[in-house]
Structure formats: C-alpha cells, structure tokens
Amino acid sequence: MREFGRAVAFEWIKFRSLRSTVWTTLVTAVLPVPGAVFVAATESLQPDDTVLGGSLTIAVPALMLAAVVGVLVVSGEYGSGTTVTTFAAVPRRGTVLAAKAVLVAGLLYALALPSTAAAYLVGDALLDDGYAQGDPMPALLGVAAAFSVAGLLGLAVGTLIRHPAGAVTAVVAGLLLPSMLGPLFGDAERWVAGISPTAALEKLTQTSDATAEAVGSLGAWPSLLLVTGYTSLTLLAAGAALRTRDA
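Sequential numbering of the sequence shown, starting at 1, is according to our numbering.
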C-alpha cells in the first residue's frame, strides 16, 4: 500500500511538470461555465430543453478534453522517453498504470463536479423561467463521473497506442464517430450512437437532444455503467500490453 501511495505521488509530480497536461486539464475544468453564459447570452436554448441541459451544452467538448488529458498522462512519457525512469522507480508496471488511473479519475472528478455545478447555477440564474428545470441531483454526480470515465478511456487508449497524436485521434474518434455514423445504420442508430460516452453524458444532462432515436433507449445511469464497463476492459487490455512490451 505504501508503494502504491508513492507511485501516486510520483505520478502527481510528473503531471504537474507537463504544461500541456496541466493546461488541458484547466481548460477542461473551466469550459462548462462560459458555455452556460454563451447559451444564455445567445438565447439559443431550444424551447423543449431543460435548464440543466442548456447549461451543460459545452460539457461534450469538455468531455473530449478530459479524454485527451488521459492520453497525455501516459503518451507524454512515451514521447519524452521518461518511461524508463518511471519503470525504474516503480518496477511493477501494473502499479504504475493503476496510479495513473487513480490520479486521472480522482482529479477529473474533483474538477468536473464543481465546474458543472457552477455552470448549472450560472445557467439557472441567466436563463428565463420558461424552461423546465431538470433534475440536477444526482445527475451532476454522474456527469462528473462521466468525465472520469472519459479520462480513463483516454489513459487506456494512450497506453495501447503510445503515440500522442495517434492516441488523441483514436480516442476523440471513439467519442464522436458513434453519434456521427449512427444515422447511417437506420433503425440501429440508437444502438450505435448509444454506446458513446457522449450519449451517456447527454442523457445525464437531460438535454432535449438525448432522444431514444438518437442515443438509445437505455437510461442515463445504465448508459454510464455500460461505458464504465468497456472502459474497464480496455484498461485491463492496456495493463496486459504494458506488462509485455518494452518501455
């Protein structure tokens, strides 16, 4: 347990030393609030939308940045060649990946929860009273969890691919393509689009765009559980690859 604590502390030091990772994380945390202000200022909220959904309109791009944070945490080391130092300090590679996962998931959750809550409060204050309110709790807890899961998915993809640009492209495509390609599958659109982390996020935010035809009929929390499940499997595959490959 002490070794794992040291590994997490080591990962935190490395995290703070990478400016690209720090800045991407900060933008991820800040983005939802100005997004709520923009939606209110432009009066672009649809009549059948909710205050919660409108306030978190920019949560989807922020979710993609959360996935990019996960990629950078691991691929940045491969790019700079510091993985050799990391594995020398912590020989158990599974421990290294677990420490990264705890750091990414914990940090993103701790930042996303107050950020999305603040965005909702800002939207609630600025939007007209004519919109349905939505149920912010416990939905905001799930929204913050979705950010953590996206970060872990990015971490897993970054570990598997290792190349920063390739990993970022792959994880962003994984977030976007299901909803983009879903209409091409006709009646199966709800199944194709519904597997994306962005679909789970849209259901949790209770936006009017989260129709059963577009994002599937599975509920918000089961959708989040589904995304968490295949993200966990991807992390297990990443851990197996990390133990068998050269640094």
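Here a beta-carbon is modelled for each residue, glycine too, at the ideal position from N, C-alpha and C.
Just so we're clear, the structure is a prediction, and the values are computed from it rather than from any experiment.
Residue burial is scored here from C-beta neighbours: residue 177 has fewer than 16 other C-beta atoms within 10 angstroms and is therefore classed as exposed.
DSSP places residue 232 inside the alpha helix (DSSP H), whose first and last residues are 220–244. Look at the region 79–139 and you find these whole runs of alpha helix (DSSP H), each 4 residues long or longer: 83–89, 93–126. Annotated three-state conformation of residue 50 is strand, per DSSP. When secondary structure is reduced to three states using DSSP, residue 25 falls in the helix class. A straight-line Cα-Cα distance of about 27 Å links residue 146 and residue 6. Within the same chain, and ignoring the five residues on either side of residue 93 in sequence, the residues whose Cβ sits closer than 8 Å to its Cβ are 87, 239, 242, 243. Residue 219 counts as exposed, since fewer than 16 other C-beta atoms from the protein chains shown sit within 10 angstroms of its C-beta. Comparing alpha carbon positions, the residue from 168, 203, 68 closest to residue 138 is 203.
Contact check for residue 36 against residue 158 fails: the beta carbons are separated by 8 Å or more. Taking residue 104 as the centre and dropping the five residues before and after it, the same chain places the C-beta of 69, 70, 73, 151, 152, 155 closer than 7 Å to its C-beta, in chain order.
It is roughly 16 Å from the alpha-carbon of residue 209 to the alpha-carbon of residue 195. Counting every other CB atom within 10 Å of its CB across the protein chains shown gives residue 38 a total below 16, marking it as exposed.
The beta carbons of residue 52 and residue 164 sit no closer together than 8 Å.
In the structure shown, the three-state DSSP call for residue 194 is coil. Contact between the region 39–50 and the region 8–16 is absent: fewer than three C-beta pairs spanning the two stretches fall below 8 Å. The DSSP-derived three-state label of residue 58 is coil. Looking at the backbone, the Cα of residue 192 and that of residue 118 are separated by about 32 Å. Going by DSSP, residue 11 is part of the alpha helix (DSSP H) stretching over 2–17. Counting C-beta atoms within 10 angstroms of its own C-beta, residue 229 has fewer than 16 neighbours from the protein chains shown and is therefore classed as exposed. In the three-state reduction of the DSSP assignment, residue 72 falls in the helix class.
In the DSSP annotation of this structure, residue 211 is not part of any alpha helix (DSSP H), being labelled neither H nor E.
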